[in-house]
Each structure stands twice: as structure tokens, then as C-alpha cells.
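In the working numbering, the protein residues as written are -11 to 300.
Positions of the beta carbon are idealized from the N, C-alpha and C atoms, including for glycine.
Okay, here's the thing in C-alpha cells:
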């Protein structure tokens, strides 16, 4: 199933199921009220559904089969928000070797200093934590931060955790996944490269309002299948600028979940980004975004995440 957070004729955010074939969205709270005579609290928002686990998903599937017209809206008439507007945590990895090599090559060209992939990168699925409050969704404007002159996008696959756990094994990692969405990890490159010289970060190179873009919806794992076999493409103003396939991840999501949960509780409602697919950012090819550019990130079996870059 595809779950979205949207604003329709009720004018308030709702949790819904997407039917792409009929270009429709079903408001789950309204559907439960129509079918069962009461609003199911597990459909209050995406976190409530995730916390409801399998029973909640089963009740959502039952409503999808019934699909009461009174709770249905035209998908083209609603506003899609970030599917998980305030995640419990956002962690972002760096799992694609091609991106790491391309990025270091660009640094080498700018500085004249040789750049090598550190050995620890092959040994550990390293990650940083993002600001979980800086989240926007599909078709929302990304506002160019005042402290930067160089903006970039990053095409990533994002895993939404659906079951809390600790010391999770790789063999059992998939059982802790709710679904997958697209992540545009927007970056202020000039600030990022400067502040990381201190050996810490990124911080303000990533942390600014509208900097974490997710959407257009979350697709459950049963519909995704193997998340490591998905075609990925980035377009700017309709032109292909890069892309690849999630099969190129050096560290799989199962590796990442096992690593993150070592001696630490990984909570349902957290999001983990794959890191940028090779050629999935502009700076890898020496290109830069300009104000009013429209970035489209597409991942197989999920859809397209589209945003305009606006400089006030």
C-alpha cells in the first residue's frame, strides 16, 4: 500500500491511502467513521499508523477494499505533505561508493589535494543525524538559505522503521521496516565543505528550514519487494542529470539497521536515508543549481518527488 499525508477539502492534514490507477486518495479517519461509525485513532496520522503495526495495516487494507466514496478525493486536487511530517529521528548514511568517489574527485579538482576513500567507510555504514523538524514534502518550495551561495540536491532512498528494536540482526532487519520513500537531502555545499574541515558535521550545511524533503508517499515493504533493486533518476528542469540503482549500495539497509541498533534502541517512526546514489547530486558532475530550478527525483515502485528551489 501507499500511505500519504495530505490536505484536501477538510482543510486539515489527513492520513490516506493512494490509488494511482484511479488517481484517488482515501482519507482513513473519514473512511473508518463512515464504515464503522467511529474514527479509528490509529489513523490520526502516520506515526499512529506505524505504531499500530500489523493490526493497523490490516484495518487500513480492509478500508481500502471497501473504499467508501464519501472519504475519497481526487489525488490531483489535494496537497501532499511530507508523509511523515515530524519523524522520531532522521539518520542519513553514505552507502554508495560511486557517490563517495565522485564527491572526493570534485574536492580534489578544487583543492589539488589527493582524496581517498577512508578504509573505515568500507567497514562501517557511517551516518549523521538530521534535524527532524526541517521536513517538507512533494511540490513544496525549498527555500535557499541565506548563509549559502551553493545549493545541491541528493537523490536517496529512505527506509521508514516500523517496529522498535535493539541489537537487531541483519537476518531480522526487514521485519522492522514499515516502508520506503524518496529523500532529497538538500545541501548547502559551500557551508558543508567548509565546516567539515573541523572534523565534525555536517551541521549548517544540512540544517536549515525545508532542507529535508520526503515523499510523495511511503510504500510498504510488501509492495516494494527487494529495496536493493530499484532504479533511481534525478532530473533538473526535465533534463536527466544523474541516477543509478539501489543495487549499488555497498552497505544494505539490513546492514545499516543492524549497525544502528547495536546497543541502541531503534524506534518505530525513525527514517534512515541510504545516502546519495552515484551521480545523484549535481556537484558530482561539476554542476550547480540555480534559483527557480525544479528538481525531480524518481525511484522505481515509489514515484516522483518534485520541488522548486526558491531564492528569496
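Count the other C-beta atoms from every protein chain shown that fall within 10 angstroms of the C-beta of residue 174, then say buried if there are 16 or more, exposed otherwise. If you number the chain shown from 1, residue 174 lands on position 186. The residue is buried, with at least 16 neighbouring Cβ atoms inside 10 Å.
Look at the Cβ atom of residue 71, then the Cβ atom of residue 257, and state whether they are nearer than 8 Å. Start at 1 with the first residue of the chain shown, and residue 71 comes out as number 83. Start at 1 with the first residue of the chain shown, and residue 257 comes out as number 269. Against a cut-off of 8 Å, the Cβ pair of residue 257 and residue 71 comes out as no contact.
Which residues does DSSP pair with residue 203 in a beta bridge? Within the chain shown, the letter at position 215 stands for residue 203. 170, per the DSSP bridge assignment.
Identify every run of the alpha helix (DSSP H) within the stretch 29 to 111, keeping only runs that are complete inside it and at least 4 residues long; order them along the chain. 34 to 54, 85 to 99, 107 to 111
Range of the contiguous alpha helix (DSSP H) that encloses residue 182: Counting from one through the chain shown, the residue named residue 182 turns up at place 194. From DSSP, the alpha helix (DSSP H) with residue 182 extends over 177 to 183.
Exposed or buried, which one is residue 190 when buried takes at least 16 other CB atoms within 10 Å? Reading the chain shown from its first residue, position 202 is the one you call residue 190. By the neighbour-count rule (16 or more Cβ atoms within 10 Å), residue 190 is buried.
Residue 114: first and last residue of the uninterrupted beta strand (DSSP E) it sits in: Position 126 of the chain shown holds residue 114. Neither: residue 114 is in no beta strand (DSSP E) and is coded neither H nor E.
When DSSP labels each residue in this structure, what does residue 140 get in the three-state scheme? On the chain shown, position 152 is the one that residue 140 refers to. Residue 140: strand per DSSP, three-state reduction.
Work out the CA separation of residue 8 and residue 237 for me, nearest whole Å. Locating residue 237 in the chain shown gives position 249, where the first residue counts as 1. Locating residue 8 in the chain shown gives position 20, where the first residue counts as 1. Computed Cα separation, rounded: 29 Å.
Should residue 31 go down as buried or exposed, given a rule of 16 or more other Cβ atoms within 10 Å for buried? Position 43 of the chain shown, counting from 1, holds the residue named residue 31. The residue in question, residue 31, is buried, as its Cβ has 16 or more Cβ neighbours within 10 Å.
Which of the three DSSP states is assigned to residue 235 in this structure? Taking the first residue of the chain shown as 1, we reach residue 235 at position 247. Helix at residue 235.
I need the straight-line Cα distance from residue 98 to residue 131, nearest angstrom please. Taking the chain shown and counting its residues from 1, the one referred to as residue 98 is at position 110. Taking the chain shown and counting its residues from 1, the one referred to as residue 131 is at position 143. When rounded, the distance between both Cα atoms is 27 Å.
How would you call residue 90, buried or exposed, if buried means at least 16 neighbouring beta carbons within 10 angstroms? Counting from one through the chain shown, the residue named residue 90 turns up at place 102. By the 10 Å Cβ count, residue 90 comes out buried.
Counting Cβ pairs closer than 8 Å, one from the stretch 18 to 25 and one from the stretch 38 to 51, do we hit at least three? yes
Checking 8 Å against the spacing of the C-beta atoms, do residue 264 and residue 69 come in under that value? Start at 1 with the first residue of the chain shown, and residue 264 comes out as number 276. Start at 1 with the first residue of the chain shown, and residue 69 comes out as number 81. Taking 8 Å as the Cβ cut-off, residue 264 and residue 69 do not qualify as a contacting pair.
With a floor of 4 residues, list each alpha helix (DSSP H) that falls wholly inside the stretch 216 to 297, ordered by position along the chain. 241 to 248
Out of 294, 276, 275, 289, which has the shortest C-alpha to C-alpha gap to residue 283? For the purposes of this step, residue 283 is taken as residue 295 along the chain shown, with counting starting at 1. Per the Cα distances, 294.
Report back the beta-carbon spacing between residue 192 and residue 135 to the nearest angstrom; my notes put them in contact at under 8 Å. One-based indexing of the chain shown puts residue 192 at position 204. One-based indexing of the chain shown puts residue 135 at position 147. Rounded, the Cβ-Cβ distance is 6 Å, consistent with contact.
Does the Cβ-Cβ distance between residue 12 and residue 60 come in under 8 Å? Locating residue 12 in the chain shown gives position 24, counting from the first residue. Locating residue 60 in the chain shown gives position 72, counting from the first residue. Result yes, Cβ atoms of residue 12 and residue 60 sit closer than 8 Å.
Residue from -10, 216, 15, 6 with nearest C-alpha to residue -1: What you label residue -1 is simply residue 11 of the chain shown in a count that begins at 1. Selected option, being the one with the closest Cα: 15.
Checking contacts by CB at 8 Å: is residue 273 closer than that to chain B? Considering every chain present, this structure includes no chain B. It has just one protein chain.
Rounded Cβ spacing between residue 242 and residue 162 (contact assumed at less than 8 Å): For the purposes of this step, residue 242 is taken as the residue at position 254 of the chain shown. For the purposes of this step, residue 162 is taken as the residue at position 174 of the chain shown. Indeed, because the Cβ distance is near 7 Å, the residues count as touching under 8 Å.
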